[in-house]
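Numbering (the numbering used here), first residue to last: 186 to 342. For glycine and all other residues, C-beta sits at the position ideal for the given N, C-alpha and C. Right, one structure below, let's go through it.
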């Protein structure tokens, strides 16, 4: 659970809010464009890459759990899995004792692809971080961890 210590609610009147909004938009656009270029070069969509990333971390995931992690309807996740399976990047396996239940696993080909892309993305982020001194790098990572934790607590729409 995220600790809320001396947190003040920023309002739109706070001069930092417009600046943060502008910075967030620029960074998000830059990161998404870079990710889009990398995924497109591999003939993947960003949601397909995200799904592969989940499976690289935890393979053998039931379709319903995968849909929850993705924040998608099960039918949308099934479509993603269908396309990834056709490309040989994931496979479905039946659960022993319940053939209706399917687990989704990443294949060796899928794991290799995700590994290469993650290495490219780490290299890109490392280049960005190298522009900061070590205390600023540590602060950036610490703040991003807090923001990620906060975002995980938000209800999914």
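Considering residue i, what are the terminal residues of the alpha helix (DSSP H) in which it resides?
i, result
"residue 303", "293–314"
"residue 244", "Careful: residue 244 lies outside any alpha helix (DSSP H) and carries neither H nor E."
"residue 268", "259–271"
Helix, strand or coil for residue i per DSSP?
i, result
"residue 337", "helix"
"residue 212", "helix"
"residue 285", "strand"
"residue 290", "strand"
"residue 321", "helix"
"residue 225", "helix"
"residue 198", "coil"
"residue 249", "helix"
Relative to the alpha-carbon of residue i, which residue among the options has its alpha-carbon at the smallest distance?
i, options, result
"residue 291", "325, 206, 251, 304", "251"
"residue 231", "277, 220, 206, 214", "220"
"residue 344", "197, 224, 246", "Residue 344 lies beyond the range of the chain shown here (186 to 342); nothing can be said about it."
"residue 229", "256, 271, 200, 202", "271"
"residue 289", "266, 257, 324", "266"
"residue 261", "282, 280, 236", "236"
"residue 303", "330, 327, 227", "227"
"residue 346", "215, 331, 247", "Given that the chain is displayed from residue 186 to residue 342, the structure contains no residue 346 and the question cannot be resolved."
"residue 245", "256, 330, 332, 276", "276"
"residue 238", "308, 329, 269", "269"
Determine the burial state of residue i: buried for a count of at least 16 other Cβ atoms within 10 Å of its Cβ, exposed for fewer.
i, result
"residue 240", "buried"
"residue 233", "buried"
"residue 326", "exposed"
"residue 218", "exposed"
"residue 202", "exposed"
"residue 336", "exposed"
"residue 212", "exposed"
Which residues mark the beginning and the end of the beta strand (DSSP E) in which residue i is found?
i, result
"residue 277", "275–280"
Less than 7 Å between the CB of residue i and some heavy atom of the ligand HEM, yes or no?
i, result
"residue 223", "As far as ligands go, the structure on display features none, and thus does not contain the ligand HEM."
At least 3 beta-carbon pairs within less than 8 Å: the segment 316–327 vs the segment 283–300: no
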